[in-house]
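2 protein chains.
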Amino acid sequence: EYYRAFAAFAGLNMIFAICAAALCALIAPAAAGSGIPEVKAYLNGVDAHSILAPSTLFVKIFGSIFGVSAGFVVGKEGPMVHTGACIANFLGQGGSCKYHLNWKWLRYFKNDRDRRDLITCGAAAGVAAAFCSPIGGVLFALEEAASWWRSALLWRTFFTNAVVAMVVRSLIEFCRSGKCGLFGQGGLIMFEVNSAVPSYNTPDLLAVMLLGVLGGLFGSLYNYLVDKVLRTYSIINERGPAFKVLLVITVSLLTSCCAYGLPWLTNCTSCPVGLENECPTIGRFGNYRSFQCQPGYYNELASLFLNTNDNAIRNLFSSRNKNEFHLSTLFIYFAAIYFLGIVTYGIAVPSGLFIPVILAGASYGRFVGSLLGSISNLDVGLFALLGAASFLGGTMRMTVSLCMILLELTNDLLMLPLVMLVLLISKTVADSFNKGVYDQIVKMKGFPYMEAHAEPYMKQLVARDVCSGPLITFSGVEKVSNILHALRMTGHNGFPVIDEPLFSDAPELCGLVLRSHLLVLLKAKFFANNQVLSGPEFLRMFHAFDFAKPGSGKGLRVEDLDINDDEMEMYVDLHPVTNTSPYTVVETMSLAKAAVLFRKLGLRHLCVIPKTPRRFPIVGILTRHDFMPEHVLGLIPHK
Amino acid sequence: EYYRAFAAFAGLNMIFAICAAALCALIAPAAAGSGIPEVKAYLNGVDAHSILAPSTLFVKIFGSIFGVSAGFVVGKEGPMVHTGACIANFLGQGGSCKYHLNWKWLRYFKNDRDRRDLITCGAAAGVAAAFCSPIGGVLFALEEAASWWRSALLWRTFFTNAVVAMVVRSLIEFCRSGKCGLFGQGGLIMFEVNSAVPSYNTPDLLAVMLLGVLGGLFGSLYNYLVDKVLRTYSIINERGPAFKVLLVITVSLLTSCCAYGLPWLTNCTSCPVGLENECPTIGRFGNYRSFQCQPGYYNELASLFLNTNDNAIRNLFSSRNKNEFHLSTLFIYFAAIYFLGIVTYGIAVPSGLFIPVILAGASYGRFVGSLLGSISNLDVGLFALLGAASFLGGTMRMTVSLCMILLELTNDLLMLPLVMLVLLISKTVADSFNKGVYDQIVKMKGFPYMEAHAEPYMKQLVARDVCSGPLITFSGVEKVSNILHALRMTGHNGFPVIDEPLFSDAPELCGLVLRSHLLVLLKAKFFANNQVLSGPEFLRMFHAFDFAKPGSGKGLRVEDLDINDDEMEMYVDLHPVTNTSPYTVVETMSLAKAAVLFRKLGLRHLCVIPKTPRRFPIVGILTRHDFMPEHVLGLIPHK
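Structure representation (C-alpha cells):
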C-alpha cells in the first residue's frame, strides 16, 4: 500500500515536473531559474536576448505553477518578480507585434529610461504580491534590483505597490469564504509569529549573534555550492532540451524520495493535549500530519515535508507548541532542504530562492533555539524567524529590504532590533567569503554588469589603455556605401562623426551617431548626390517617434535595407541624427574615474578625446565591455 | 485663583522660552528652526557657515529642551535630526580645535564623501531615535535627506540604526521601572493604535480618499502660510537678537493664552463609566484632564492642550473611547494647532514640524471620522492616524519613509494599504499647488540647492551661455605673485591650469587646481627661481593628509600666508597638485545635460572646453551657482 502511494506521489510530481521542464526547455530557456538576476542585469543596462520576452512571461507563469506543484524545493517569489518585470516590459514596448497585440498609446515608454522605470515598478510589484509586502517591494526594487535610483522612481514604485496592496487586499476580502483554495489564507500577514517576548538580555543577544554567524557561514557556503552546481548543470543543459528534461526528472525523483522516504526515519509523536481536533490530520490543510502514525500520534517530518511550503514555514515559526519538533527532526529537515535547494536551483524550471532559504534558515534557527532553550528565554518560533533572517542575509546580502519583508511577513515589529542585528552579522560574515547569490548568478551567466563602484585595479590604467578595436568614424556627410559597410562589418552601436575641413577649419568631433538611427535614416533613403547639408526637409520627412527605441527584437536590421548600386554612391547628411554633445573624457583620465562617470550617468558610449591639441579629435569609444574585469585585468602591465 | 494659575503657567513657559531664544539668538542663530532643511542642503553640497558647528549642536540640544518645555507647538524630531548630523560632523572633522577636542584617528573622514556619509548616518540616527523607528530613519535619510545614494550608504545607515535600535531598546529596558520620567513610556511602539478593524469597503475607502484630499489641501495651504510667515519673521529677526527674543515672548504668550484660555470654551464632559480611577486626572500623566471640572467630569480641550504632545497624540489616536472628544473640541483644537504651528515655526527656537503636523492632522482626521461615523465603520482612532498621515503627506511630501515611520510608531501593519492610499492622494493633491515644506525653506534660506533633475528651461541654453565672470587661469609653473593676486581678488575655489608652449606644443588644458591645495602649496613655500618642474622632492615635502579637507572653518586662508617680496617673484610648479583629468563638457552641450552630469557626479567645478580646435583650451568653469534659476532664467533670450 505504501509503495503504491509512493508511486502515485512520485508519478504526479514527475508529470508536473516534466510539464514545467518541457515548457522551459522548448519555448523559453530564459525562464529557468529565479529571474531576479536577469531583471537586475536588465535594469543595469544589459539588453540580453529574450530575458523579458512575452514567451518568457508565459513560461514563467505556467512553469512556476507546475514547478511548485511538482513539490520541488523552489519558491514562487523570484519567478513572480520576473513575471512582473516581463509584464511591464510587454506594456512598455507597446504590446507585441509578433502576437498581434499592439497599443499605440504606450509609445511614451519607447525610451530607455521610462521603460526601465516601468520594469522596476513591475519587479517591485512582484515582490509586493509574493509576500503581501508593499513597502518591502519598494525597498527590494531600490536595494537589489535597480541600478539607478531617482526620487521619481521611488514615487512610482510606491504608487504601483499601493495599488498592489489594495488589489491583494480586495482579493483576500473576496476570497474570505474560502472559495479560492489556499489563496488568502492568513490574510495580509502570511506568517504571524505572535510570540509576545517582552524583554531579552545578554544570553539572548549572544544566542542571536550565534545565529547571525551561522547564517553567514551557511549562506556563503550555499552560494559557493550553488555556483558549483550551476556550472556543472550548465554543461549538461547545453547538450539540448532532452538532457534538460532528464535532469529535471532526476531531481524530481530525488525530491520525491526525500519527501516520502525521510519521514520514515522518525518515530511517531503523541499529539499535544487539547489539540485532539487538529491532530493528527490527513486532509489538504493542517499542521500535524498523520502519515503512517496511529490516531493520536503525528509524524514530525511529514508535517514539514508533506505540506505546502507556506504551511511548513508557519509550522516552523509557530510558537504555540514548543516541542512540536525534536532536534533530530529539525536537523534532518535542514540537511535535506539545504541539499535539495542547492541541487534544484539551476534545473530547467522557474525556481525562486526565497522559500528554500527561509525553510532551511527557519529549521536551523529552531534547532539552535531548542538547543539553547535552557540559557535563552526567547521563543523557538522567534528563533526560527531569526534563523530565516540570518540565512536570507547570508545568501542574498540585502539589509533593509529583507528586514522589511520579514516584518511584513510576520507583523512582529518588536523584534525589529533583533532582526536588524542578525542581518548585519550574517551579511558581514558572509561578505568576507563571497558575493551575494544574485550577483554570482549574474556573473556566471556572463552578463556585462557594471558595478556601482570602480575596482581598485582600474586606477592603474587610463581611459586610452582600454579602448579596444579599430575606430570607425564617419564624416558629417558620408557616402552611403561606407556607412553600410561599417554597419555590416561591425556590431558597434555607436559611431563618432567627424566634421572634415569642408564643414570646419580642422577636423573636429561633431558627435556620436547611433546604429539604430542610421538604419532609420538609410531605410528612408534620404540621400543626396553630393556632399551637402540636408535642410529643413529633414524635419518634414521624419517624426521624433521614428527614432524611438523599438521593442526588444523589433528594431530594423541591416538585412532589412534594400539599397541599389546607384544609391550606394550617394551621400547622406548625418548631422540631424548626430548627438552633438556626447559625454567625453580625456585620454589620460584614470579608468576608475571614467568608470564612475560611465556608470553614474548610465551611458552606453563614452568618447575618449585626446589630451593634446592638433591630433585627430577622437581617440576611441568606451563601452560597457571595456570596463569588464576580463578585459581590464588583461591590460594591466606586469600582472 | 485661576488668574494666579495662569500667571504661573504663562510665566514659566515664558522663562523657558526666553532661555531657548537667548541661546538661539546669541550663541548660534543657525540652530533656529527644524534643521532638516540645513542638513538637506549640506548633503546636497552646500557648505553654509556654521550649520553643523559645535555651537549649533549645543544650542540645538538645550534650545530644543527649553523650547519643548515652554509649551510651544513644536516637535523635537527635526532638532534631533539636526543634532545627529551635528554630532556626526563633529566626529567627521576630527573633533574641534576651538574647544580643544581633537582626535587624530578620525582623520579618515577628512574628505567630502565619507564626511557626507557620516552626516547622513547621523541624520538617520536622529529619526530613528526620535520615533523609535530604525527603518523609518534609513528611509528618511534616503528619501528626504541624502542627495546621492550608494548601496554602501544604505548599509552604513542601516548599521547605524541597528545600533540606535539596540541602544534605545536597552535604555527602555533600563528605565522600565519608571526611574527616567516620561522616557520609555509606551515602549518601542510610541502610539499603539490597537484598532482591530478587519475589513473595509467602498464607503470607508471614499472616506479615506476624502481625508487624503483634505490633507493635500490643508498641507499645501500650511506650506504657503509658513512661507509667508517666515518671510515676515525674517524681517523682524534681522533687526537683532533683542527683536528675536521679543518675537519669541509674543508667540509664547499667545501659546499660553490659547492653551489656558481655550479649554474654558468647552463644557465639562462626564467621565465614561468604568474609568473612575483614571478620570478625571490632575497629575503629571493621564488622559482625562480635570481642569476646572467637578470630580467625575473632565475637560476635553484641556485633555489635549494641557498634556505632553505625545499624550495628546495618544489621546487622539485612541480608539478605546469613541466619544472622548466632541466635534467642537476637535475643531477648536485643530484650528488652534494649525494656527499656532504656523506662527511658531520661524521664531528663534529649535522647532520641529512633525509633532504640530501630526497633532493637527490627527485632530481633523478624528473630526472627519466622528462626522462620518454613520456611513463608515472605521474607527475614529484610525481616522486620526490616517488624518495625521494625510497632513504629513501634504506638508512634507515624503512617501515610503512617512509610511514606515507611521508604521513603526503605531505597529498597525494591517492598515498599511490605507496609509499608502492616503499618502499618495495627499501628496498628489498638494504637489499640484506648491513644493514640500523643507524644499520651500531651503529655497527661502537661499541655499544653492541642486535639484536632481534639470529644469525644462535649461534646454534653451548651452553650457557656454552661463559661464560667468572673467576666467582666471594659471600656467603649469606660475609666478607666486600671480597666484596670490588671484586668490586675493576672487573667491573662486578652482582654477584651470594651462600648459603653455614651454611644456607643450600648443596651449593645452593641464587640469584644475583647488584653492585649498594652492594655499597648502604656498604655505610650504615650495618655490623655485625659474620655470622648472618640481622633481620627486615634492613627495618628500608633503603627505596626502596635508591636502585633506579641513573641518569647517579650519582651513588655511589667504591672510594666513606670509610671503615676502623676493618670494613673490619666484615660481611654483602647480602640476603635482593639479587634477589632470577634470570632468569636461563641450561648450555646445545643452545646459540641461551639463546639469545632469554636474548633479549626478556631485561636482563642484565643471570645465567647459571649446568645440572647435585651435582655440584657447578652456571656455569657462561651471559651478553650482551657474545652474541656479535666478542666474539661468535671466540669460534666456526673449524672456
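Residue numbers (the numbering used here), protein chains in the order written: chain D, 1 to 639; chain E, 1001 to 1639. Ideal Cβ positions, reconstructed from N, Cα and C, are used throughout, including at glycine.
Backbone secondary structure at residue 946 of chain E - three-state DSSP:
In the structure as shown, chain E starts at 1001 and stops at 1639, and residue 946 of chain E therefore has no counterpart that could be examined.
Test item: CB-CB of residue 204 of chain D and residue 376 of chain D under 8 Å
yes
Step through the CB atoms of chain E and report whether any lies within less than 8 Å of the CB of residue 36 of chain D.
no
Could you check whether the Cβ of residue 639 of chain D sits closer than 8 Å to any Cβ belonging to chain E?
Note that residue 639 of chain D scores a pLDDT of 49, beneath 50, so its modelled location is shaky; the value from the coordinates is reported in the next line. No, residue 639 of chain D does not count as interfacial toward chain E.
Taking a Cβ distance cut-off of 8 Å, strictly less, list which residues of the region 1563–1591 of chain E are near chain D, in chain order.
1580, 1581, 1583, 1584, 1585, 1586, 1588, 1589, 1590
Burial state of residue 1631 of chain E (16 or more Cβ within 10 Å)
exposed
8 Å Cβ shell around residue 1162 of chain E - same chain, five flanking residues per side excluded:
1134
Looking at the structure shown, is residue 475 of chain D part of a helix, part of a strand, or coil, going by DSSP?
strand
Against chain E, which members of the region 403–414 of chain D pass a CB distance test of less than 9 Å?
403, 404, 407, 408, 411, 413, 414
The beta strand (DSSP E) spanning residue 1268 of chain E covers which residue range?
1268–1270
Could you check whether residue 1152 of chain E and residue 1121 of chain E sit closer than 8 Å to each other, using their CB atoms as the reference points?
no
Under 8 Å by beta carbon: chain A residues contacting residue 138 of chain D:
No chain A appears in the structure shown, which is made up of the protein chains D and E.
Show which residues of chain E have a CB atom less than 7 Å away from the CB atom of residue 159 of chain D.
1424
Pick from D:141, D:347, D:594, D:500: whose alpha carbon is nearest that of residue 405 of chain D?
D:141
For residue 512 of chain D, would you say it is in contact with chain E, using Cβ-to-Cβ distances shorter than 8 Å as the test?
no
When we look at the beta-carbon of residue 47 of chain D and count the other beta-carbons within 10 Å, is it buried (16 or more) or exposed?
exposed
Determine, using beta carbons only, whether residue 1031 of chain E and residue 1063 of chain E come nearer to each other than 8 Å.
yes
Per DSSP, which residues does residue 590 of chain D bridge with? Please list them.
D:462
For residue 1500 of chain E and residue 1572 of chain E, the rounded distance between their alpha carbons
15 Å
Taking just the CA atoms, how far does residue 37 of chain D sit from residue 228 of chain D?
17 Å
Terminal residues of the continuous alpha helix (DSSP H) containing residue 300 of chain D?
300–305
With respect to the beta strand (DSSP E) encompassing residue 514 of chain D, which residues constitute its N-terminal and C-terminal limits?
508–514
Taking CB distances under 8 Å as the criterion, tell me whether residue 1601 of chain E reaches chain D.
yes
Excluding sequence positions up to five away, which residues of its chain have a Cβ less than 7 Å from the Cβ of residue 288 of chain D?
271, 278, 279, 280, 281, 298, 303
Assuming residue 457 of chain D contacts residue 636 of chain D (C-beta within less than 8 Å), just tell me the rounded distance between them.
6 Å
Hey, would you say residue 1157 of chain E sits closer than 8 Å to residue 1130 of chain E, going by beta carbons?
no
What is the rounded straight-line gap between the Cα of residue 1243 of chain E and the Cα of residue 1235 of chain E?
10 Å
Looking at the C-beta of residue 1347 of chain E, does it have a partner C-beta in chain D at a distance below 8 Å?
no
Under 6 Å Cβ to Cβ from residue 639 of chain D, same chain only, skipping five residues before and after it: list those, please.
Because residue 639 of chain D carries a pLDDT of 49, less than 50, the predicted location of this residue cannot be relied on, and the following value inherits that uncertainty. Taken in chain order, the list of residues that qualify is empty.
Contact check, residue 362 of chain D vs residue 338 of chain D under 8 Å by CB: the rounded distance?
In fact, because the Cβ distance is near 12 Å, the residues do not count as touching under 8 Å.
Contact list for residue 1155 of chain E against chain D, beta-carbon separation under 7 Å
399
Tell me whether the beta-carbon of residue 1421 of chain E lies closer than 8 Å to the beta-carbon of residue 1212 of chain E.
yes
In three-state DSSP terms, what is residue 1092 of chain E?
helix
Counting along the chain, where does the beta strand (DSSP E) carrying residue 1613 of chain E start and finish?
Here residue 1613 of chain E belongs to no beta strand (DSSP E), and DSSP marks it neither H nor E.
Please report how far the alpha carbon of residue 1542 of chain E lies from the alpha carbon of residue 1558 of chain E, in whole angstroms.
19 Å
By the three-class DSSP mapping on this structure, what secondary structure does residue 639 of chain D have?
Only weak support exists for where residue 639 of chain D lies, its pLDDT of 49 falling under 50; the value from the coordinates is given anyway. Coil at residue 639 of chain D, not helix or strand.
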